[in-house]
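Engineer:
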Amino acid sequence: MRPKSYDIIGSKEKAVAIVEISDELKDQEKEIAEEILKTHKNVKSVLKKTSERKGVFRTRNYEFLLGDKNTEVIHIEHGCKLKLDPQKVYFSSREGTERLRISGIVKPKETILVMFAGIGPYPIMIAKKQPKVKKIISIEINPMAVEYMKENIRLNRIGDKVIPVLGNVKEGCKEWFGKCDRVIMPLPQDAWNFFDIAYKCLKKKGGFIHLYTIEKENIVEDETKKTINTLKKKINRKIKFNIRKVLPYSPRTNKYCIDLEIS
Ligand SMILES: C[S@@+](CC[C@H](N)C(=O)[O-])C[C@H]1O[C@@H](n2cnc3c(N)ncnc32)[C@H](O)[C@@H]1O
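Taking this note's numbering, I'd label the letters of the sequence shown as residues 82 to 344.
1. What separation, rounded to the nearest whole angstrom, lies between the Cα atoms of residue 338 and residue 255?
2. If I measure Cβ to Cβ from residue 137 and keep anything under 7 Å in the same chain, skipping five residues before and after, which residues do I get?
3. Is the beta carbon of residue 297 closer than 7 Å to that of residue 263?
4. Rounded to a whole number of angstroms, what is the C-alpha to C-alpha distance between residue 331 and residue 325?
5. Is the stretch 153-165 close to the stretch 105-116, with three or more CB pairs under 8 Å?
6. Closest by CA to residue 96, which one among 105, 104, 103 and 119?
7. Should residue 76 go down as buried or exposed, given a rule of 16 or more other Cβ atoms within 10 Å for buried?
8. Short of 6 Å in beta carbon distance, which residues of its chain neighbour residue 340, apart from the five on each side in sequence? Order them along the chain.
9. What does the alpha-carbon distance come out to for the pair residue 245 and residue 200?
10. Taking 6 Å as the cut-off, is the beta-carbon of residue 167 closer than that to any non-hydrogen atom of ligand 1?
11. For the 8 Å Cβ check, are there 3 or more pairs between the stretch 225-233 and the stretch 194-213?
12. Could you tell me if residue 133 is buried or exposed, where buried requires 16 or more neighbouring beta carbons within 10 angstroms of its beta carbon?
13. Is residue 114 near ligand 1, with its Cβ less than 6 Å from a heavy atom?
14. Ordered along the chain, which non-local residues of its own chain (more than five positions away) have a Cβ less than 7 Å from that of residue 270?
15. Which class does residue 266 belong to by DSSP, given the choice of helix, strand or coil?
16. For residue 304 and residue 321, which I take to be in contact (beta-carbon distance under 8 Å), what is that distance rounded to the nearest angstrom?
17. Quick check for students: name the residue ranges of the beta strand (DSSP E) that lie wholly in the stretch 211-273, counting only runs of 3 or more.
18. Is the stretch 175-183 close to the stretch 270-290, with three or more CB pairs under 8 Å?
19. Where does residue 276 fall in DSSP's three states?
20. For ligand 1, is there a heavy atom less than 6 Å away from the beta-carbon of residue 221?
21. In terms of residue numbering, what span does the alpha helix (DSSP H) encompassing residue 303 cover?
22. Leaving out five residues before and five after residue 265 in sequence, what residues of the same chain have Cβ atoms less than 6 Å from its Cβ?
23. Cβ-heavy atom distance between residue 250 and ligand 1 below 6 Å?
24. What residues in its chain sit with their C-beta under 7 Å from that of residue 191, if we drop five residues either side in the sequence?
25. My output table needs one value for residue 134: the three-state DSSP class, helix, strand or coil.
26. On the three-state DSSP scale, how would you describe residue 185?
27. Give me the Cβ distance between residue 135 and residue 101, rounded to the nearest whole Å; I'm assuming they're in contact under 8 Å.
28. Would you say the beta carbon of residue 341 is closer than 6 Å to some non-hydrogen atom of ligand 1?
Here it is, written out as structure tokens:
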């Protein structure tokens, strides 16, 4: 009686388990939830995934299986406190190592724009690990995620370094054209479509873009080279790039980060 997999989001005091249960195990789902609660004393609620991530907010549907109906938790990620309710906003605890990597690259005095900022895990990790950063503008379209981002800024005591902006990246970025050293684009389904906006946000001298994308492993190199060659011609700038696998997504398909340096 084992579910395919489950994630635990939260802290030592209160966490939620998010479980995938195959159709064959459907009639045992209550026992599975009980077993999870028994095994992990900090887990107070068990949710079952009932859809893929969908829509603009990239949230999914869940069925509540057992425990406390209040599924709001504070997740601890490399020393950052992230308050969220997985039923209301996007959050993936599996991406913590990638956020730590990015926060380790940032240099003092940078102005950074985080598109698709969600509840703020990228800006908060960066502000914590590189306290000499100048500012981090963080744009997000889901009002509930922006409320959590504001709360997370308070919880982590990072003052006014992170500027939360509620809105669509298409509009919200205009104010920051030509002002940023680095742009982070964590919307793997669609990020390439926002590349022009990200590029416009960089300072005249250039800068860095971290673009997340989902691609089949046998074509990721070729497809990225092709896209970047087209971009080089279009913007007439030098572009160096690196492709990094972040996580597996589905068989032979992964989530990648394309680190771009534009000069
Ligand atoms: C894949 S999630 C990433 C969230 C966050 N960066 C994280 O790592 O947890 C993408 C986020 O982008 C937001 N989003 C989607 N389209 C957007 C747009 N056009 N402008 C601003 N935010 C958008 C969604 O609401 C969602 O919270």
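Just so it is clear, CB atoms sit at the ideal spot from N, CA and C, and this is done for glycine as well. In this text, all values refer to a predicted model and were calculated from it rather than measured experimentally.
Structural biologist: According to the structure data:
1. 24 Å
2. 222
3. Their beta carbons are not under 7 Å apart, which means residue 263 does not touch residue 297 by this criterion.
4. Looking at the two C-alpha atoms, the distance is approximately 16 Å.
5. no
6. 119
7. Lying outside 82 to 344, the shown extent of the chain, residue 76 is not represented and no answer is given.
8. 291 and 323
9. 10 Å
10. no
11. yes
12. exposed
13. Judged by the Cβ position, residue 114 fails to qualify as a neighbour of ligand 1 at the 6 Å threshold, every heavy atom of the ligand being at least this far.
14. Once the five neighbours on either side are set aside, the close Cβ partners of residue 270 are 295.
15. strand
16. Not confirmed; about 17 Å, so no contact.
17. As summarised for the stretch 211-273, the continuous beta strand (DSSP E) elements at least 3 residues long and confined to that stretch are 216-221, 243-247 and 263-266, given in chain order.
18. no
19. helix
20. yes
21. Bounds of the alpha helix (DSSP H) holding residue 303 are 301-316.
22. Taking C-beta separations shorter than 6 Å and ignoring five residues to either side along the sequence, the partners of residue 265 in its chain run 195, 203 and 291, following chain order.
23. yes
24. For residue 191, the CB contacts under 7 Å within the same chain, skipping 5 residues up- and downstream, are 214, 215, 262 and 263 in chain order.
25. coil
26. helix
27. Incorrect: roughly 16 Å between the Cβ atoms, too far for contact.
28. Answer for residue 341: no, Cβ out of range of ligand 1.
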